[in-house]
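*Asks:*
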Amino acid sequence: MGWWKNLLLMRLLSSQVDFPNEKFYFNIYTYKFRMSMKKFFAPFVLTVAAVLSLSNQVLAADVENGERIFTANCAACHAGGNNVIMPEKTLKKDALEANGMNAVSAITYQVTNGKNAMPAFGGRLSDSDIEDVANYVLSQSEKNWD
Ligand code: HEC
């Protein structure tokens, strides 16, 4: 960045040559610097905004993918958020809370590793599919599986 070198040079020169108004040069340089920073950061700010709005769309798509994964892999035992094998261990909000399963991390862990009669899906489903289905289960539990 050359602006401060120029500034230094200005200072040096002004100690030899008597400039009419040293402050004027200083202001010009800070102004130029600010403008160049603005130009430099504007595309950056725009990119961040674009990425953020894109990631929101990706999040919405994830839950849709989670629904597909659920229908194909979980609905046999958990249709409607129920549990055909252990009727008290439903995927409803109350049960998830009571069993400490009301978090994406807890669901992800159980789906990956299985538990008792529930099979492990690690290796059969990708990590991102498991995360999607966990998000789907949580969001459905919030909506009472309507
Ligand atoms: C073969 C039947 C079966 C399938 C398929 C199955 N589960 Fe389960 N699931 C169970 C059983 C049985 C339990 C209770 C396990 C226990 O705690 O002993 C359970 C428990 C759970 C729980 C915890 C519920 C609670 O209240 O503690 C979650 C969350 C869950 N399953 C999600 C899933 C997801 C997501 C899938 C699909 C990727 C899936 N399950 C597939 C049988 C199944």
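Note that the numbering used here has the sequence shown beginning at 4, numbered continuously upward. The beta carbon of each residue, even a glycine, is placed where N, CA and C say it ideally should be.
#1: Using the rule of at least 16 other Cβ atoms within 10 Å of the residue's Cβ for burial, across every protein chain shown, is valine 51 buried or exposed?
#2: Considering only residues of the same chain and omitting the five flanking positions on each side of tryptophan 6, which have a CB-CB separation below 8 Å?
#3: Quick one: is phenylalanine 47 buried, meaning 16 or more other Cβ sit within 10 Å of its Cβ, or exposed?
#4: Around the Cβ of alanine 137, are there at least 16 other Cβ atoms within 10 angstroms (buried) or fewer (exposed)?
#5: Would glycine 117 be called buried (16 or more neighbouring beta carbons within 10 Å of its own) or exposed?
#6: For the region 128 to 137 and the region 103 to 116, state whether three or more C-beta atom pairs, one from each stretch, are separated by less than 8 Å.
*Replies:* Taking the structure as given:
#1: For the purposes of this step, residue 51 is identified with residue 48 of the sequence shown, where counting begins at 1. Exposed.
#2: The residue you call residue 6 lines up with position 3 of the sequence shown. Counting only Cβ-Cβ distances below 8 Å, and skipping sequence neighbours, we find Tyr32, Lys35, Phe36 and Ser39.
#3: Position 44 of the sequence shown, counting from 1, holds the residue named residue 47. Counting every other CB atom within 10 Å of its CB across the protein chains shown gives phenylalanine 47 a total below 16, marking it as exposed.
#4: Here residue 137 refers to the residue found at position 134 of the sequence shown. Its Cβ being crowded by 16 or more others within 10 Å, alanine 137 is buried.
#5: Your numbering for residue 117 matches position 114 in the sequence shown. Exposed, since its Cβ has fewer than 16 Cβ neighbours within 10 Å.
#6: Because the criterion of three Cβ pairs below 8 Å is met, the region 128 to 137 and the region 103 to 116 touch.
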